[in-house]
Amino acid sequence: MYLNKIFKATLIDETRIDVVVEKSYNSQGCQKFFLYDDSEFLGELKIESTSVSGKKFIYILNNPYELKLGRNYVIFDERNIVIDLDCSCLLRMDKFVDRMYSDQEMGAIYSKKGTTFRIFSPLASSGVVKLDSSEKNEHISISLTKNDKTGILEGYAKGDHANCRYSYLLKINNQVRDVLDPYAKAVTVLSKSAVIINPKEVSVDLNEDKLKPFGTINDAIIYELSIRDLTSDLNTNIVNKGKYLGFIEEGHKTKEGNPIGFDYLKSLGVTHVQLLPIYDFQTTNDLHPEDTYNWGYDPMNYNAPEGSFSSDPKDPLSRIIELKKVVSKLHANNIRVVMDVVYNHVFNMETSCFERACPNYYFKFNADGTKSDGSFCGNEFESRHLMSRKYIIDSCLYWVKEYGIDGFRFDLMGLIDIDTINAVYAECKKIKPDIIIYGEGWDMPTVMPQNQRSSMNNASLMPNIGFFNDRFRDITKGKTGHDELYVCGYLSGDKNYIDGFKHVISGSVLPIAHPPLFKTPSQSINYVECHDNNTIYDKLKACCPLEDEKTILRRIKLINAAVMFSIGVPFFHMGQEIGLTKFGEGNSYRSSDLVNQFRWNTLDERKDMYNFFRDLVDMRKSLPFLKLNDRKVIEQSIEFNNDYSGILKIRYSNKDVIAPYSDVLIFINPKKESFSVDLSDYYKILFNESGKITSSLYSQHLVVNPLSLVICVKE
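When we follow my numbering, the leftmost residue of the sequence shown carries the number 4, and every step to the right adds one.
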């Protein structure tokens, strides 16, 4: 008889076992405890101490026996009442963690002749695969064989099991657990079961051959958006609103004839689209997505697409095919796809497939046994463990191979260790040489030591990885935190930030006002707005409260120009180009479609901003010196002059990098007054607040209008 509710035994470390006994079971307390390995008697356990807490007796026992993984240990008291011993903590111990590894392919590996199943579960003493085919009305159980050296349980089911549901039944700590495969490539509606897929049934031409050659991340212009947000506006004739298929609908226009949805996106000219989470996440109902809203930073199944974006979430294959069509359509229009991935935490640790398959292995714990929570979401994924690291690498490789993904944006990347991030880049680059990887390099309060974190502080150890540059963000537009929205930056009105702005506009690699943040500008993801925090429009409304709408929009154009014309990698959030608002909501991850969507009537009202942004994209592509990546060359090429009362003059004079020009001048005026300057010679005006200058306009006397940027060159 097992009395888990009134009698609990937990291995704390190799020599200590804690036992809790309810007084309702034994009001006098227990006198002796005995340890068994299944039915084999190991010996009596010495009671080191006894204490009382409310209605419970608490015993600390000394364990002199060497315990092994995958065994069913139980404890008896002197009345011969037996209780399971929870040995999960063994998987936190280095001597087990460091040797448990296999480079085998994991999950359900399909062929028409049969499917191989593999799952990592060192604590499991036994297991089976439960197969369920509703079409054939079959229910099959396949026994798994365990490799004690690797911790892998493996089984084989003969026959064609495509589209069958499956799960693992694993016996861990004497309890049988129903486990969804962490490597599941497809799931049923509401993520209740994993599904075996035949790759040929979900094959889509990803149009990777349509992508034009791409150099390095310095050549990227990244545009962030959500599948749902681009098309959820009810005031359009998009049929599949908020869906994968709606994302790629073409031929739609606003009342004023401007492009909508996919047509709008491809008209911008950006090189990369960063998609907010498209893997299977928890808190949006597949069947009724209109009832809830979530960006998707609540991971559930990392290798299966999200069902709420599908036109038929009840069909496990539909979401796979439809997402591949999104990637294919983007590729066909020479737009690469960056996937936003959240490997740093899961929605709920205790109910996750990782914890159910392998208790205590996949997550970080503090020295006292509590969960490390640098994510502020209740848990942290433990990427340093070998099979955890393998999982992240395998998952990224799967998305690259199967879906043609061209890059990854890592959420809270500082919670993942350096070796894992570098390994992801190295392995993905073997398949896709132009892969780009970047992420949030914030230094979060995690139990992981500082020198292991993939944070900006360790950027020099990850030379191929980009980081969101919050220094660029705060200096350019001002502070972002809710309590600091009133704080201005250089381009929102505080000219005292001018030296800091020189630093960030030159890639954050020169020692101007600040020590260098990066060795090369390729690591600097220059941004002022992303899905997090307030939009730039809402920020300016807060820090420039006395300015009218026209002035606010003019500032936005100037700030967008500064992002685009800085050395490093320009990054923009959907709608930033036309100054969309979220009505002052700084954290809209579950607010609503109304708050987060692209409102297409605003495009009609601000078509000039749309055209201006397109000109920004074209101009950046035509100025290769903005993609410089050598600190010494940048230092030799760039010269600053701020003798104009807050107006900044930037000069590029290194003829080797600015050809066909011999001299390039950029003037930035963050003031509300115009500025005049006499130039030494006639310069051709390439760009101003109206956008690209298509006519041959030369001048020796330049007027820089309020809140504007001008580029002029000597040929």
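By construction, the Cβ of each residue, glycine as well, lies at the ideal position given by its N, Cα and C atoms. Treat the numbers as computed from the prediction; the structure is a model and nothing was measured.
The C-alpha of residue 490 is placed about 55 Å away from the C-alpha of residue 155. Around the CB of residue 237, fewer than 16 other CB atoms lie within 10 Å, so the residue is classed as exposed. Look at the region 413 to 484 and you find these whole runs of beta strand (DSSP E), each 3 residues long or longer: 439 to 442, 469 to 471. Counting other Cβ atoms within 10 Å of its Cβ, residue 362 reaches 16 or more and is therefore classed as buried. Within the region 676 to 706, the runs of beta strand (DSSP E) at least 3 residues long that lie entirely inside it are, in chain order, 678 to 691.
Cβ neighbours of residue 75 within its own chain (closer than 8 Å, five residues either side excluded): 40, 41, 87, 128, 174, 176, 177. Around the Cβ of residue 370, a 10 Å sphere holds fewer than 16 other Cβ atoms; the residue is exposed. When rounded, the separation of the alpha-carbon atoms in residue 202 and residue 323 is 10 Å. Going by DSSP, residue 622 is part of the alpha helix (DSSP H) stretching over 610 to 624. Where residue 265 is concerned, the enclosing alpha helix (DSSP H) starts and stops at 265 to 270. Across the structure, residue 164 and residue 354 are spaced so that their CA atoms are roughly 27 Å apart.
Secondary structure at residue 548: coil, using DSSP grouped into helix, strand and coil. Across the set 375, 526, 716, the C-alpha of 716 shows the shortest separation from the C-alpha of residue 622. Contact between residue 510 and residue 570 holds, since their C-beta atoms are separated by about 4 Å, short of 8 Å. If you look at residue 190, you'll find it isn't in any alpha helix (DSSP H); DSSP assigns it neither H nor E. Per DSSP, the unbroken beta strand (DSSP E) holding residue 89 starts and ends at 85 to 89. In terms of Cα proximity to residue 450, the closest of 293, 431, 383 is 383.
Nearest in C-alpha terms to residue 305, of all of 316, 315, 348, is 348. Counting only runs of at least 4 residues, the region 321 to 398 fully encloses the following alpha helix (DSSP H) elements, listed from N- to C-terminal order: 356 to 360. At the C-beta level, residue 446 and residue 461 stay beyond 7 Å of one another.
Secondary structure note for residue 45: its beta strand (DSSP E) is the uninterrupted segment 43 to 56. Around the Cβ of residue 66, a 10 Å sphere holds 16 or more other Cβ atoms; the residue is buried. Membership of residue 227 in any alpha helix (DSSP H) is not indicated; the residue belongs instead to the beta strand (DSSP E) covering 225 to 228. Taking residue 543 as the centre and dropping the five residues before and after it, the same chain places the C-beta of 480, 495, 550, 555, 558, 559 closer than 8 Å to its C-beta, in chain order. With fewer than three CB-CB distances shorter than 8 Å, the region 247 to 259 does not count as touching the region 613 to 622. DSSP places residue 178 within a strand segment (E or B) once states are collapsed to three. Annotated three-state conformation of residue 253 is coil, per DSSP.
With contacts defined by Cβ atoms closer than 7 Å, residue 427 and residue 478 do not form a contacting pair. By the C-beta density criterion, residue 586 is exposed, having fewer than 16 other C-beta atoms within 10 angstroms. Spatial neighbours of residue 710 in its own chain (CB-CB distance under 6 Å, excluding positions within 5 residues in sequence) are listed in chain order as 557, 558, 561. Inclusion of residue 345 and residue 300 in the CB contact set at 7 Å is warranted, their separation being smaller than that value. Secondary-structure assignment with DSSP links residue 167 through no beta bridge to anything.
Only residues of its own chain outside the window of five on either side were considered, and among them 275, 277, 574 have a CB closer than 6 Å to the CB of residue 225, listed in chain order.
For residue 491, the secondary structure class from DSSP, reduced to helix, strand or coil, is coil. Boundaries of the alpha helix (DSSP H) harbouring residue 638: 634 to 640, taken from the DSSP string. Boundaries of the beta strand (DSSP E) around residue 670: 666 to 672.
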